[in-house]
Amino acid sequence: MNITTARRIVVKIGSALLVDEVTAAPRAAWLAGVAADIADLRARGAEVVLVSSGAIALARRVLNLTQPKLRLEEKQAAAAVGQIRLASAWSAALGAHGINAAQILLTLEDSEDRRRYLNARATIGTLLGLGCVPVINENDTVATAEIRFGDNDRLAARVAAMISADVLVLLSDIDGLYTADPKRDPSAQHLAVVERLTPEIMAMGGDPPPGYSSGGMRTKLIAAEVATRAGCAMAIALGTVERPLRALADGGRCTWFSSAEEGRSARKRWIGGSMGALGVLTIDAGAARALGRGSSLLPAGVTAVAGSFHRGDPVSIRDASGTEIARGLVAYDAADAARIAGHRSETLEQILGWRGRDEMVHRDDLVVSGEQRP
Ligand code: GLU
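In this text, residue positions in the sequence shown follow our numbering: the first is 697, and each later residue adds one.
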């Protein structure tokens, strides 16, 4: 796996890389290098999403909150001050390449509640379509202990899964995973590729680091589980160098975690198999042929809607004789689906009063009966 061939890349950047230890300000020259790398990747046609920490670290000094351990409410207050600085640092660095930075703050609930998940996914997709680089962080000011991701390694993995990224890069102060902590054990060996996250590999994460620092190898391995299971390869690469993504693209030392075997088709199996459908969409012969060719299901091809379902729920897609030909996750609630059935995508906004997806069931969310692979 290599980032030069990736279509959609999520890059996670930790506070230690981004914030100057002495001045407690953003490391502008380093950020400029990362922004140049991102501009290069985009020029090759890749879409890039950043998950950037640093909000709390950028505000500690300003607010005189320099004690090693902050209370939750102090972290939340610091994040409120620092997030503005963080966002403006990215906006300046990316703006120098004519790229618009777009700030997105997420909480754990946004990745667990299906509607919020779909909304976040759609917005990120729209921003990418508009040529922006979404810059994502946890919404620390409202995330209480129970609803925190807590660390941006995991947040980045959830984001990568959410937007079907093919590569997640965790930029770190270390160039990958070692069989033991190389700072303590001179016999520790670097691993260039991890094919499978066995219990033995997971044990290499060790204990969480002390103090505020929320990352460490442990959360990176948890992130690897989330990402690779979703069909996304992950790299842990050295971020302390100038132009770290270029270094990775040039074959710099790192650890690649292969995406779980057929992650995508596993998802398709899940859609097609185990779920009980909550509704039925009957479609015409033209739409049935289009599904067979791997297209999305458009509202125009739907002749009837039955059942009670919400956006994101599994539905059965049947032909006029009632034979199931596909299953999928529907993009509209039952009532809206019934209103737009039979109508062309251009007219949906007029009918609904708002602009939803063009597809009734997107092809990524669809599995045609008998289909083994996407
Ligand atoms: N969201 C936190 C911040 O921006 C960082 C979390 C992390 O370090 O993983 O300060």
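Cβ atoms here follow ideal geometry from the backbone N, Cα and C, with glycine treated the same way.
- Residue burial is scored here from C-beta neighbours: Arg989 has fewer than 16 other C-beta atoms within 10 angstroms and is therefore classed as exposed.
- The beta carbons of Leu746 and Val838 sit no closer together than 8 Å.
- Ala888 is the residue among Gly794, Glu743, Ala888 whose C-alpha sits nearest the C-alpha of Leu944.
- A contact between stretches requires three or more CB pairs, one per stretch, nearer than 8 Å, and the region 813 to 832 fails this requirement with the region 755 to 774.
- Contact between the region 874 to 894 and the region 811 to 822 is absent, with fewer than three C-beta pairs closer than 8 Å.
- DSSP links Phe953 through a beta bridge to Val890, Met930.
- Under the three-state reduction of DSSP, Gln885 is assigned to coil, being neither helix nor strand.
- At least 8 Å separates the beta-carbon of Ala792 from that of Val831.
- As for any alpha helix (DSSP H) of minimum length 4 sitting wholly inside the region 819 to 891, the runs are 848 to 858, ordered along the chain.
- Distances between the C-beta of Ser711 and the heavy atoms of the ligand GLU include at least one below 7 Å.
- Per DSSP, reduced to three states, the secondary structure at Gln763 is coil, with no helix or strand assignment.
- Looking only at Val1026, Gly1003, Asp881, Ala876, the smallest Cα-Cα distance to Glu896 is reached by Ala876.
- Here Thr999 carries a strand assignment [DSSP, helix/strand/coil].
- Per the Cβ contact rule, the region 769 to 784 is not in contact with the region 847 to 861 (fewer than 3 Cβ pairs under 8 Å).
- Looking at the backbone, the Cα of Gly975 and that of Gly741 are separated by about 38 Å.
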